[in-house]
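Novice: Got a structure for you, written out below as structure tokens; questions coming shortly.
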Amino acid sequence: MQFKSTLLMAAALAGSALADADTSSLQATLTSTTQIDVASSCSFKSGYTATAQADLDTLTSCEAIDGDLYITGDLGSAAIANVRAVYGDLVVYNATALTSFSADSINTITGELRLTGLTVLDSVSMGGLSSVGAINWVTLPALTDTGLTSVTECNAILISDTQLGSLDV
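When the letters of the sequence shown are read in order and numbered with mature numbering (1 follows the signal peptide of the UniProt record, and there is no 0), they come out as residues -19 to -1, 1 to 150.
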């Protein structure tokens, strides 16, 4: 009985210590075997919103991004180059003209990969992605393939309103 209460106390102390830690750093350490240093110019505590490919091109000097990345607007295609890790969420939403999205260099997303309201998106290419906190894809009626060929770690998957014939992740 004393052993059980000692374990409970240790768990409570560990939980308290974890609550005080920087969550993005903690998530990156828990879900990725190698943490990539984030340049100060690539740290976006309030998130970063891209509404044009030029906005995404400014991120090519970032090997890792700390913070949430949002892509929206009138893009026909969107590509993220050179970024290997997103310590936060990657959200593509309401880009109603977007037909293709690629981010083959990203291998880790500690948060959620969310694609929402992309009614003409028919191509996703994220062949390097191996670890993601969650996948949330809703209202992608033209999408027939996930484009996720290397995912080995994912805590939750929600996919709805797509033309996917199978879930090959």
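Using N, Cα and C, we set each Cβ at its ideal position, and we do this for glycine too.
I'd like to know whether the C-beta atoms of residue 117 and residue 94 end up nearer to each other than 9 Å.
Specialist: Position 136 of the sequence shown, counted from the first residue, corresponds to residue 117. Position 113 of the sequence shown, counted from the first residue, corresponds to residue 94. Going by C-beta atoms, residue 117 is nearer than 9 Å to residue 94.
Novice: Here's a check: name, in chain order, each residue in its chain whose Cβ is nearer than 6 Å to the Cβ of residue 130, leaving out the five neighbours to either side.
Specialist: Indexing the sequence shown from 1 puts residue 130 at position 149. Sequence-distant Cβ neighbours of residue 130 in its own chain, meaning closer than 6 Å and more than five residues away, are 108.
Novice: So what's residue 102 in DSSP terms, helix, strand or just coil?
Specialist: For this step, residue 102 is matched to residue 121 along the sequence shown. Of the three classes helix, strand and coil, the one that applies to residue 102 here is coil, per DSSP.
Novice: What residue from 54, 42, 47, 68 has the CA that sits closest to residue 115's CA?
Specialist: Within the sequence shown, numbered from 1, the residue matching residue 115 stands at position 134. Closest by alpha carbon: 68.
Novice: Between the region 45 to 57 and the region 75 to 92, are three or more C-beta pairs nearer than 8 Å?
Specialist: yes
Novice: Please report how far the alpha carbon of residue 88 lies from the alpha carbon of residue 63, in whole angstroms.
Specialist: Residue 88 sits at position 107 when you count from the first residue of the sequence shown. Residue 63 sits at position 82 when you count from the first residue of the sequence shown. Rounded to the nearest angstrom, the two C-alpha atoms are 11 Å apart.
Novice: Given residue 142, which residues of its chain have a CB within under 7 Å of its CB, disregarding the five upstream and five downstream residues?
Specialist: Counting from one through the sequence shown, the residue named residue 142 turns up at place 161. Closer than 7 Å at Cβ, skipping near neighbours: 119, 120, 121, 122.
Novice: Could you give the residue range of the beta strand (DSSP E) that holds residue 37?
Specialist: Walking along the sequence shown from the start, residue 37 turns up at place 56. No beta strand (DSSP E) contains residue 37, which is instead part of the alpha helix (DSSP H) from 34 to 38.
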